[in-house]
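Protein chains in written order, with the numbering used here: chain A, 250 to 577; chain B, 250 to 577. Idealized CB from N, CA, C, for every residue including glycine.
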């Protein structure tokens, strides 16, 4: 097998986040389900933005956050995702490259603008997301560079990519290239509503292509149809070689056919904003895995990365994560 | 004298901030003087942005931050400033209106894009700013709405407005309307280099038009040419009715012809980013003044507002400031 050039390559919806504080009454008036992601059109995005409070703009996108985390940990990261050649697109491209991630995808020169995600953070630090996919609908298999995938130890895919129509083809193409080259494929389920929208396709894809599955408790219950966490864990062990299941403050469980490793969450003085917790858990986990660490250590690295990102506003690390993992 | 419709109306450069962490070596390589603001052209802005780390975008502009602070304290605020009709301009307009500030200025429909300020925050929490003025050069006296100024208890001007060519005319027009209507005029000196660039004009303007002057220690030394703080304070007392002089952690001194009030800084658990400290001090001070409070209380309100904004990244309040001043 050829040497790797990247530890992880990710494919995802390339999105700029707009974060604002909001109270529960606002979510209720807007008909938003707390803690989840809803897809919205351009008109609804404008209307909701007009009513929400002052925001901060920060590059986001689930897999993009993960790859920024891998780079921040010191890993070699690459990312495919589609922006438009507009101001938000330039911001997205600058930020991911400035983090050290190889980002070769050409921006769209026509069509809808760069995607944005309106994130409302409630006083309990939960985030509720409304995403306008914009230019992400233009991502297709032509954006998956075969050489990059072939040279990456892990290809990481976000479940959200099942939403825009042609991204799924990109998804399958990347998984097949990875498999042909003896590389591993990781999938994050992203969101329970996303699982609801694409359950059968995600189950099939997981069974056929996935070596490492990331999910939180609600997502794995939704995927498996199990009644409780233990049931879901038992079911998923037969489907994928490694399942890394996160349970917020209760830590995570990593299940293989042979064993289950339970790892505590890393301590956080004050949770400011849970945006990006799952994305950064995946970053730490995959960084560990590609460095040859054991699964329990991978989960600890995931917990440390997640703890950093929930301690402040925004879904990308503020502190270089490599400085937080000395001695681990 | 007619009733007021606004407590404070501000005029300033309407800017979106791009904040990123940087180390001292980076500032040195880029030839940047720590803690100050430098004007840069579009080409330099692109080059510097290309080399700096991942950023967060947040609405800024010195006077705009002040007016957002006045609104956050519960005051009635208005603002004039020029953006372009582009994405950053829409972000700026949304954020200031979402804070509750009346913002009537029409965006430019041609010419340079919305202004941006590249802010590098070093590990000591100091901020170093490089500003591309963009659409701000289009602000002129035609943007000063006479009715709004006439109906505002205080007209607040940032010294940075002496940089773009026609803004100074707007500045003088606003001051004259305020004076004719028996209102007060406040001026912030903004930055020591800005004072260096426009010393004579600022001295003349202060003497002819200004009722309340805001400056930090370096700025007042630069304006007066005095050797030490006491000397500067003595000189400025003869020039303006009220001088509010800030000294970072050493608090502030408010000087009138009759008295000097010294007020301690409000405590901050951890200073994260000093961007906006002076802007928010002015917000608290003017909120107090227009509510009829004594000068020492105005200074305390300024200190509380400044303490909030330096405790996090970005130059606008995260916590509604009205919640921090109960019982004062």
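8 Å Cβ cutoff, residue i in contact with chain B
i: residue 438 of chain A; result: no
i: residue 305 of chain A; result: yes
i: residue 578 of chain A; result: Residue 578 of chain A is absent from the structure shown; chain A starts at 250 and stops at 577.
Backbone CA spacing between residue i and residue j [nearest angstrom]
i: residue 495 of chain A; j: residue 282 of chain B; result: 46 Å
i: residue 256 of chain A; j: residue 326 of chain A; result: 6 Å
i: residue 317 of chain A; j: residue 528 of chain A; result: 10 Å
i: residue 271 of chain A; j: residue 296 of chain A; result: 15 Å
i: residue 403 of chain B; j: residue 264 of chain B; result: 22 Å
i: residue 277 of chain A; j: residue 563 of chain B; result: 29 Å
i: residue 535 of chain B; j: residue 424 of chain B; result: 16 Å
i: residue 463 of chain B; j: residue 273 of chain B; result: 29 Å
i: residue 354 of chain A; j: residue 258 of chain B; result: 45 Å
i: residue 388 of chain B; j: residue 331 of chain B; result: 6 Å
i: residue 455 of chain B; j: residue 467 of chain B; result: 17 Å
i: residue 553 of chain B; j: residue 430 of chain B; result: 31 Å
i: residue 322 of chain A; j: residue 302 of chain B; result: 15 Å
i: residue 394 of chain A; j: residue 427 of chain A; result: 11 Å
i: residue 285 of chain A; j: residue 444 of chain A; result: 11 Å
i: residue 479 of chain B; j: residue 548 of chain B; result: 18 Å
i: residue 338 of chain B; j: residue 362 of chain B; result: 8 Å
i: residue 438 of chain A; j: residue 565 of chain B; result: 36 Å
i: residue 319 of chain A; j: residue 550 of chain A; result: 11 Å
i: residue 392 of chain A; j: residue 451 of chain A; result: 21 Å
i: residue 436 of chain A; j: residue 356 of chain A; result: 24 Å
i: residue 434 of chain A; j: residue 521 of chain A; result: 32 Å
i: residue 486 of chain A; j: residue 367 of chain B; result: 49 Å
i: residue 390 of chain A; j: residue 417 of chain A; result: 8 Å
i: residue 544 of chain B; j: residue 556 of chain B; result: 18 Å
i: residue 510 of chain B; j: residue 575 of chain B; result: 22 Å
i: residue 267 of chain A; j: residue 447 of chain A; result: 26 Å
i: residue 561 of chain B; j: residue 515 of chain B; result: 15 Å
i: residue 292 of chain A; j: residue 365 of chain A; result: 13 Å
i: residue 384 of chain A; j: residue 504 of chain B; result: 56 Å
i: residue 573 of chain B; j: residue 350 of chain A; result: 41 Å
i: residue 341 of chain B; j: residue 309 of chain B; result: 8 Å
Closer than 8 Å to chain A by CB, residue i
i: residue 336 of chain B; result: yes
i: residue 565 of chain B; result: yes
i: residue 301 of chain B; result: yes
i: residue 298 of chain B; result: yes
Per DSSP, cross-strand counterpart(s) of residue i
i: residue 577 of chain B; result: DSSP, once it has assigned bridges, lists no residue as partnering residue 577 of chain B.
i: residue 592 of chain B; result: What the structure shows of chain B is the stretch from 250 to 577, and residue 592 of chain B is not part of that stretch, so it cannot be assessed.
i: residue 409 of chain A; result: None; residue 409 of chain A has no bridge partner.
i: residue 461 of chain A; result: A:435 and A:491
i: residue 248 of chain B; result: There is simply no residue 248 of chain B to check, as chain B begins at 250 and stops at 577 in what is shown.
i: residue 401 of chain A; result: A:255
i: residue 357 of chain A; result: A:333
i: residue 364 of chain B; result: B:264
Any non-hydrogen atom of the ligand GDP within 7 Å of residue i CB
i: residue 437 of chain A; result: Among the components of this structure there are no ligands whatsoever, and the ligand GDP is therefore not found.
is_contact[residue i, chain E] using C-beta, thresh 8 Å
i: residue 360 of chain B; result: Annotation note: the requested chain E is absent from the structure, which comprises protein chains A and B.
Closer than 7 Å, Cβ to Cβ, to anything on chain B: give me those residues from the segment 343–364 of chain A, in chain order. Residues of the segment 343–364 of chain A with a C-beta less than 7 Å from any C-beta of chain B: 343, 344, 347 and 348, listed in chain order.
Note down, in chain order, all residues in the segment 410–443 of chain B with a beta-carbon under 9 Å from any beta-carbon belonging to chain A. For the segment 410–443 of chain B, the beta-carbon criterion of a distance under 9 Å to any beta-carbon of chain A is satisfied by none of its residues.
So if I threshold CB-CB distances at 7 Å, which residues from the segment 305–324 of chain B count as touching chain A? Taken in chain order, the members of the segment 305–324 of chain B whose beta-carbon sits within less than 7 Å of a beta-carbon on chain A are 305, 306, 307 and 308.
Residue ranges of each beta strand (DSSP E) run of no fewer than 3 residues wholly in the segment 465–525 of chain B, ordered along the chain? The segment 465–525 of chain B contains these whole beta strand (DSSP E) runs: 491–495, 501–504 and 509–512.
The segment 375–404 of chain A: positions lying closer than 7 Å to chain B by Cβ: Listed by position, the residues of the segment 375–404 of chain A near chain B (Cβ gap below 7 Å) amount to none.
Can you give me, in chain order, the residues of the segment 519–534 of chain B that have a beta carbon less than 8 Å from any beta carbon in chain A? Cβ contacts with chain A come from no residue of the segment 519–534 of chain B.
Length at least 4, wholly inside the segment 252–339 of chain A: the alpha helix (DSSP H) runs in chain order: Runs of the alpha helix (DSSP H) lying entirely within the segment 252–339 of chain A and spanning at least 4 residues, in chain order: 273–279, 291–300 and 311–322.
Extract the residue ranges of the beta strand (DSSP E) inside the segment 424–458 of chain B, only unbroken runs of 3 or more that lie entirely within it. Restricting attention to beta strand (DSSP E) runs no shorter than 3 residues, the segment 424–458 of chain B encloses them at 433–437, ordered along the chain.
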